[in-house]
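If you read the protein sequences in the order shown, they are chains A and B.
When the letters of the first sequence are read in order and numbered with UniProt numbering, they come out as residues 1 to 76.
When the letters of the second sequence are read in order and numbered with UniProt numbering, they come out as residues 1 to 488.
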Amino acid sequence: MNGERNLTELKVGDDATIARIDSADDKILKKLMALGVLPGMKVVLLQKFPSYVIKVGNTRIAADEAIARSIIVVKK
Amino acid sequence: MSKNELLENCNAFKYDDRIEKAIREIEKNLKSNYNISKRSVALLLLQEDEEIKEIVKSRESSFPEISEIIKRTKMLFSEPLYYVITVQRQKKVDEIVSKVVVTRRDSKKLISNWLDRITVQPLTGIPILLLVLYFGLYKFVGEFGAGTLVDFIEGNIFENYINPWVNSLVTVYISNEAIRELLAMEYGIITLGLRYALAIILPIVGTFFLMFSIIEDSGYLPRLALLVDRLFKSIGLNGRAVIPMTLGFGCDTMATLVSRTLETRRERVIATLLLALAIPCSAQLGVIMGMLSGKPAALAVWALFIAMVFVLVGYLAAQVLPGEKPVFYMEIPPLRWPRIGNIIEKTVSRMQWYFLEIVPVFIIASVLIWIGRMTGVFDAIIRWSEPLMMALGLPPETAEAFLFGFFRRDYGAAGLYDLQKNGVLNGVQMTVASVTLTLFVPCIAQFSVMLKERGLKTTLAIVAFIFPFAFFAGYILNLILKAAGVAW
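This is how it looks when you write it as structure tokens:
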């Protein structure tokens, strides 16, 4: 789809909207959903190193590269 | 919008037609009473909730039809149903929230935002991490708990009052030499087992749990986890494992128990192995630091060598052990002032657990030491292991320290401490002995928790690796130090 990219392709400080979660792992999908990482939510990338830190709604979440790659976003 | 209008809109919420159709069909097949609405049961079934599935399966004769409906509905979507349902629900939630919630920027939050930021960015986060470890662990637990408090309770209360009193009591009232030794004297249940529990364990573990609860309650631990995640990935763990690993510096036994919170069996096995091998507990750390602090170079070699073993063995274990790669994700709560009530509650409940679970093991250890000494088994083991000590360039007396190290981790180190004071060990020998002893088998309490948590096979495999490895590492270090011509 147009404009879709994964979280690792954003720059620090960018905000975007989550389009979908692209994970083959059921457990990851469920955990991310429980943390509120869901399509339609706004996401801000706060930092990339040593781990990814994102802000979704009022929640800040740390994640590794594999998880960040599975979060597909659309940049505004 | 008025409250009533809002409620009406909420109640009007419907999932998309395909889901609603499935819900209606499942509802028709639910005959028994579930305490929650049939709609909820149907939704849980569609989301593959295992618990509710088992209940429905046992109560409804029409379960095959229900399964068929769920299967058909699944085919209609490319994503799993729990995902579809959550997304639709979230959309409604967002809609409601956007109508009623106003966000404004609060200037009071500036400081906390700043703190939140500097604790997670590597440039500032890592120095902060080191400061937390230095003041929290080294200064408070190491110097105050393991130093000042232990000196007072053990050196003053036990050595001056309780032990002499108990010893004189048994000398007067118990004529049997063996029973006297069991209860009192150098290795007795009261004079060693209980003294150990109250005079060494209580202050060290107490200060550690107190500090750990403060750090935990402030919301700092997830930050620690995200800072070390990359490093931990290389040893087959994820950032979350930082919690049991840090706990290990307090008590490896408790840490081994806490490692059950790790998600995969592979991670639990690696964590257990590393805790048993390369994380010295606070009691052991205290004695080793005391012993080597006069020789900073020796202390540095010890720390570096142990850290290298930790990374190397972790790395190799991650390569060898089968299983899925660890993933890391964690919510980062805002930093908060710890609440006194929470801290006291957590510290007290952890110490309670500690005393109920671990102290009996130390009493048993006293009894085992007593049996070993009475039957001469210890003397035999010490004699057999003397050649091993020689191979490491160590005097034969060190064998005893190693043997007792199994019963109390720090007792082995304390044995070395005595040898050093008597001038039996030189600097190189002290370093080699400290490294070998740190790596060498876990204490008896940790061993029993390993058996309980990881099972016999895994535990034996871990011990079978650690035992020769510890001596091999000591042997290599001795060769290196000799070749480098070190003379401490």
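Ideal placement from N, C-alpha and C gives every residue a C-beta, glycine not left out.
*Rounded to whole angstroms, what's the CA-CA distance from K21 of chain B to L35 of chain A? Just pull it up for me.*
Within the second sequence, numbered from 1, the residue matching residue 21 of chain B stands at position 21. Within the first sequence, numbered from 1, the residue matching residue 35 of chain A stands at position 35. Rounded to the nearest angstrom, the gap between the Cα atoms of K21 of chain B and L35 of chain A is 29 Å.
_Rounded separation between W302 of chain B and A16 of chain A - CA only_ = Here residue 302 of chain B corresponds to residue number 302 of the second sequence, with the count starting at 1. Here residue 16 of chain A corresponds to residue number 16 of the first sequence, with the count starting at 1. In a straight line, the C-alpha of W302 of chain B is about 49 Å away from that of A16 of chain A.
*Determine the burial state of Q420 of chain B: buried for a count of at least 16 other Cβ atoms within 10 Å of its Cβ, exposed for fewer.*
Numbered from its first residue, the second sequence carries residue 420 of chain B at position 420. Burial call: buried.
*Which residues, in order along the region 218-239 of chain B, keep a beta-carbon less than 9 Å from a beta-carbon of chain A?*
Taking a C-beta cut-off of 9 Å against chain A, the contacting residues of the region 218-239 of chain B are P222, R223, A225, L226, L227, V228, D229, R230, L231, K233, N238 and G239, listed in chain order.
*Spell out the partners DSSP gives Y329 of chain B in its beta bridges.*
Start at 1 with the first residue of the second sequence, and residue 329 of chain B comes out as number 329. DSSP lists A:A63 as partners of Y329 of chain B.
*Listed from N- to C-terminal order along the chain, which residues in the region 330-346 of chain B have their beta-carbon within a distance smaller than 9 Å of any beta-carbon of chain A?*
Correct list: M330, E331, I332, P333 and P334.
*Start and end of the beta strand (DSSP E) containing Q47 of chain A?*
Here residue 47 of chain A is taken as the residue at index 47 of the first sequence, counted from 1. In this chain, the beta strand (DSSP E) harbouring Q47 of chain A covers K42 to Q47.
*Assign A184 of chain B to one of three DSSP states: helix, strand, or coil.*
As a working mapping, residue 184 of chain B is identified with position 184 in the second sequence. In the structure shown, A184 of chain B falls within a coil segment according to DSSP collapsed to helix, strand and coil.
_Neighbourhood of G405 of chain B by C-beta distance below 8 Å, restricted to the same chain and skipping five residues each side_ = Position 405 of the second sequence, counted from the start, is the residue given in the question as residue 405 of chain B. So the qualifying residues of the chain are Y411, G412, A413, G415, L437, F440, V441 and C443.
*Mind checking whether I67 of chain A and Y329 of chain B have CB atoms under 8 Å apart?*
Locating residue 67 of chain A in the first sequence gives position 67, counting from the first residue. Locating residue 329 of chain B in the second sequence gives position 329, counting from the first residue. Result yes, Cβ atoms of I67 of chain A and Y329 of chain B sit closer than 8 Å.
_Extract the residue ranges of the alpha helix (DSSP H) inside the UniProt domain "Nucleoside transporter/FeoB GTPase Gate" (355-456) of chain B, only unbroken runs of 4 or more that lie entirely within it._
Entirely contained in the UniProt domain "Nucleoside transporter/FeoB GTPase Gate" (355-456) of chain B, the alpha helix (DSSP H) runs reaching 4 residues are, in chain order, 377-391, 398-405, 409-421, 427-439 and 444-454.
*Go ahead and pull the three-state DSSP assignment for Y52 of chain A.*
For this step, residue 52 of chain A is matched to residue 52 along the first sequence. Correct three-state label for Y52 of chain A: strand.
*asked:* Taking the straight line between their C-alpha atoms, what separation do you get for residue 489 of chain B and Q352 of chain B?
replied: The requested residue 489 of chain B does not occur in the structure, where chain B is confined to residues 1 to 488.
*Of all Cβ atoms in chain A, is any one closer than 8 Å to the Cβ of K91 of chain B?*
One-based indexing of the second sequence puts residue 91 of chain B at position 91. For K91 of chain B, the answer is yes, since a Cβ of chain A falls inside 8 Å of its Cβ.
_Given A255 of chain B as reference, the closest of B:D217, B:K295 and B:V205 once Cα atoms are compared_ = One-based indexing of the second sequence puts residue 255 of chain B at position 255. Nearest C-alpha to A255 of chain B: B:V205.
*Rounded to a whole number of angstroms, what is the C-alpha to C-alpha distance between V120 of chain B and M185 of chain B?*
To locate residue 120 of chain B, count along the second sequence from 1; it is residue 120. To locate residue 185 of chain B, count along the second sequence from 1; it is residue 185. For V120 of chain B and M185 of chain B, the distance between alpha carbons rounds to 52 Å.
*Name the one or two DSSP bridge partners that A16 of chain A has.*
Translated into the one-based positions of the first sequence, residue 16 of chain A becomes position 16. Bridge pairing for A16 of chain A: A:V43 and A:K75 [DSSP].
*Straight-line CA distance for L45 of chain B to L10 of chain A?*
The residue you call residue 45 of chain B lines up with position 45 of the second sequence. The residue you call residue 10 of chain A lines up with position 10 of the first sequence. When only Cα atoms are considered, L45 of chain B and L10 of chain A end up about 38 Å apart.
_Does the structure place the region 306-317 of chain B close enough to the region 268-287 of chain B that three or more beta carbon pairs sit under 8 Å?_
Two segments are said to touch when three or more pairs of C-beta atoms, one from each, lie closer than 8 Å; by this definition the region 268-287 of chain B touches the region 306-317 of chain B.
*Apart from the five residues just before and just after L321 of chain B, which ones in its own chain have a Cβ nearer than 8 Å to its Cβ?*
Sequence index remark: in the second sequence, residue 321 of chain B carries index 321 (1-based). Sequence-distant Cβ neighbours of L321 of chain B in its own chain, meaning closer than 8 Å and more than five residues away, are G236, R266, V269 and I270.
_the region 50-75 of chain A: positions lying closer than 7 Å to chain B by Cβ_ = Residues passing the 7 Å Cβ filter: P50, S51, V53, T59, R60, I61, A62, A63, D64, A66 and I67.
_Rounded straight-line distance, which links the Cα of M390 of chain B to that of R180 of chain B_ = If you number the second sequence from 1, residue 180 of chain B lands on position 180. If you number the second sequence from 1, residue 390 of chain B lands on position 390. C-alpha separation (whole angstroms): 35 Å.
*Within 10 angstroms of the Cβ of Q319 of chain B, are there 16 or more other Cβ atoms? Answer buried if so, exposed if not.*
Sequence index remark: in the second sequence, residue 319 of chain B carries index 319 (1-based). Sixteen is the threshold: since fewer than 16 other Cβ atoms of the shown chains lie within 10 Å of the Cβ of Q319 of chain B, the residue is exposed.
*Output yes or no for whether 8 Å exceeds the beta carbon distance between K48 of chain A and V73 of chain A.*
For the purposes of this step, residue 48 of chain A is taken as the residue at position 48 of the first sequence. For the purposes of this step, residue 73 of chain A is taken as the residue at position 73 of the first sequence. Not a contact, by the Cβ cut-off of 8 Å.
_CB of Y34 of chain B within 8 Å of CB of V132 of chain B, strictly_ = Numbered from 1 along the second sequence, position 34 holds the residue referred to as residue 34 of chain B. Numbered from 1 along the second sequence, position 132 holds the residue referred to as residue 132 of chain B. Not closer than 8 Å, so no.
*Touch check for the region 367-379 of chain B and the region 217-233 of chain B: three-plus C-beta pairs under 8 Å?*
Taking a contact to require three or more Cβ pairs closer than 8 Å, the region 367-379 of chain B and the region 217-233 of chain B do not qualify as touching.
*What are the boundary residues of the alpha helix (DSSP H) that includes L51 of chain B?*
Your numbering for residue 51 of chain B matches position 51 in the second sequence. Reading off the sequence, residue 51 of chain B comes out as Glu, not Leu. Unbroken alpha helix (DSSP H) run through E51 of chain B: E50 to R59.
*Residues in the region 56-78 of chain B with C-beta within 9 Å of chain A's C-beta atoms, listed in sequence order?*
Listed in chain order, the positions of the region 56-78 of chain B with a beta carbon within less than 9 Å of a beta carbon of chain A would be empty, since no residue qualifies.
*Apart from the five residues on each side of it in sequence, which residues of its chain come closer than 7 Å, Cβ to Cβ, to K22 of chain A?*
In the first sequence, residue 22 of chain A corresponds to position 22, counting from 1. Here the sequence assigns Asp to residue 22 of chain A, which means Lys is not the residue at that position. Residues S70 and I72 of the same chain have their beta carbon placed closer than 7 Å to that of D22 of chain A, with the five preceding and five following residues left out of the count.
*Can you tell me which of the three DSSP states N58 of chain A falls into?*
Position 58 of the first sequence, counted from the first residue, corresponds to residue 58 of chain A. Three-state DSSP puts N58 of chain A in coil, outside helix and strand.
*Taking all protein chains shown into account, decide if K482 of chain B is buried (16 or more other Cβ within 10 angstroms of its Cβ) or exposed.*
As a position in the second sequence, residue 482 of chain B is number 482, starting the count at 1. With fewer than 16 other Cβ atoms within 10 Å, it is exposed.
_Between K31 of chain A and chain B, is the shortest Cβ-Cβ distance under 8 Å, so that the two count as touching?_
For the purposes of this step, residue 31 of chain A is taken as the residue at position 31 of the first sequence. It does: the Cβ of K31 of chain A has a partner Cβ on chain B nearer than 8 Å.
*From which residue to which residue does the alpha helix (DSSP H) around R5 of chain A run?*
As a working note, residue 5 of chain A is residue 5 in the first sequence. Annotation for R5 of chain A: no alpha helix (DSSP H) segment contains it, though the beta strand (DSSP E) segment containing it runs E4 to N6.
*For G13 of chain A, return the contacting residues in chain B, with the cut-off set at a CB-CB distance below 8 Å.*
By one-based count along the first sequence, residue 13 of chain A stands at place 13. Result: empty, since nearest Cβ-Cβ is about 12 Å, beyond 8 Å.
*Decide if the region 463-482 of chain B is in contact with the region 391-402 of chain B; the criterion is three or more beta carbon pairs, one per stretch, under 8 Å apart.*
Contact between the region 463-482 of chain B and the region 391-402 of chain B is present, with at least three C-beta pairs closer than 8 Å.
_Could you compute how far the alpha carbon of I85 of chain B sits from the alpha carbon of Y15 of chain B?_
Numbered from 1 along the second sequence, position 85 holds the residue referred to as residue 85 of chain B. Numbered from 1 along the second sequence, position 15 holds the residue referred to as residue 15 of chain B. Between the C-alpha atoms of I85 of chain B and Y15 of chain B there is a straight-line separation of about 7 Å.
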